[in-house]
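Undergrad:
Residue numbers (UniProt numbering): 1 to 166.
1) Would you tell me roughly how many angstroms separate the C-alpha atoms of residue 43 and residue 52, rounded to the nearest one?
2) Would the beta-carbon of residue 46 be found less than 7 Å away from any heavy atom of the ligand FAD?
3) Taking residue 82 as the reference, which of 69, 95 and 99 has the closest Cα?
4) Quick check: what's the CA-CA separation for residue 136 versus residue 97?
5) Would you check if the distance between the CB atom of residue 140 and the CB atom of residue 91 is smaller than 8 Å?
6) Mind checking if residue 103 is an interface residue toward chain C, Cβ cutoff 8 Å exclusive?
7) What number of angstroms, rounded off, separates the C-alpha of residue 69 from the C-alpha of residue 34?
8) Starting from residue 24 and walking both ways along the alpha helix (DSSP H), at which residues does that stretch end?
9) Under the rule that 16 or more other beta-carbon atoms within 10 Å means buried, what is residue 158, buried or exposed?
10) Counting C-beta neighbours from all protein chains within 10 Å, is the total for residue 10 16 or more, i.e. buried, or is it exposed?
11) Which of helix, strand or coil does DSSP assign to residue 120?
12) Residue 134 to residue 125, Cα distance in whole Å?
13) Less than 8 Å between the C-beta atoms of residue 26 and residue 61, yes or no?
14) For residue 94, count the other beta carbons within 10 Å of its own beta carbon; 16 or more makes it buried, fewer makes it exposed. Which is it?
15) How would you label residue 28, buried or exposed, when you count the other beta carbons within 10 angstroms and need 16 or more for buried?
16) How about residue 86 and residue 147: are their beta carbons less than 8 Å apart?
17) Cβ of residue 120 within 8 Å of Cβ of residue 132?
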């Protein structure tokens with residue numbers, strides 16, 4: 001029988017996959033909304049109303065959802081202009097999932113300065129893994145990493161490289 005105190009991290013309950021942050025959920029719902037916009041060309045207000053009725057929406061950060069969906073749709077041309085030069089194919093050949101994930105990443109890198117650049121990349125890579133094609137996450141990383149270097153040069157330069165020893 002263990003006598004370790006309850007506060008001992010080695011005895012903490014493992015985090016479940018369903019224990020997602022409100023912002024992670026907001027990104028997931030935003031991706032679904034952006035997909036509807038990219039594929040169905042539905043009006044943003046219709047997409048918004050439909051998405052808010054989905055199961056689990058109440059658990060997301062609705063303000064972040066609003067910023068992502070409305071910001072990405074309103075700034076689509078500017079976001080596409082940031083993304084397109086980093087692509088290995090024409091933008092129209094990217095899947096709507098990858099396109100939506102790249103919009104979210106570009107938008108957050110540009111406007112959500114409270115979210116560290118590595119968090120933006122990780123969250124977008126996870127979205128691509130969950131919703132995209134087999135290697136979509138590699139594609140997303142290959143586009144967003146150099147974009148982070150462009151949009152947040154001081155922050156990227158100040159962070160240690162992955163795997164680097166101090």
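Beta carbons: idealized from backbone N, C-alpha and C, even for Gly.
TA: Short version:
1) 14 Å
2) Ligands displayed in this structure: none; no statement on the ligand FAD is therefore possible.
3) 99
4) 9 Å
5) no
6) Protein chains in the displayed structure number just one, and chain C is not present.
7) 7 Å
8) 22 to 35
9) exposed
10) Per-residue confidence for residue 10 stands at a pLDDT of 42, beneath the threshold of 50, marking its modelled position as unreliable; no derived number is given.
11) helix
12) 12 Å
13) yes
14) buried
15) buried
16) yes
17) no
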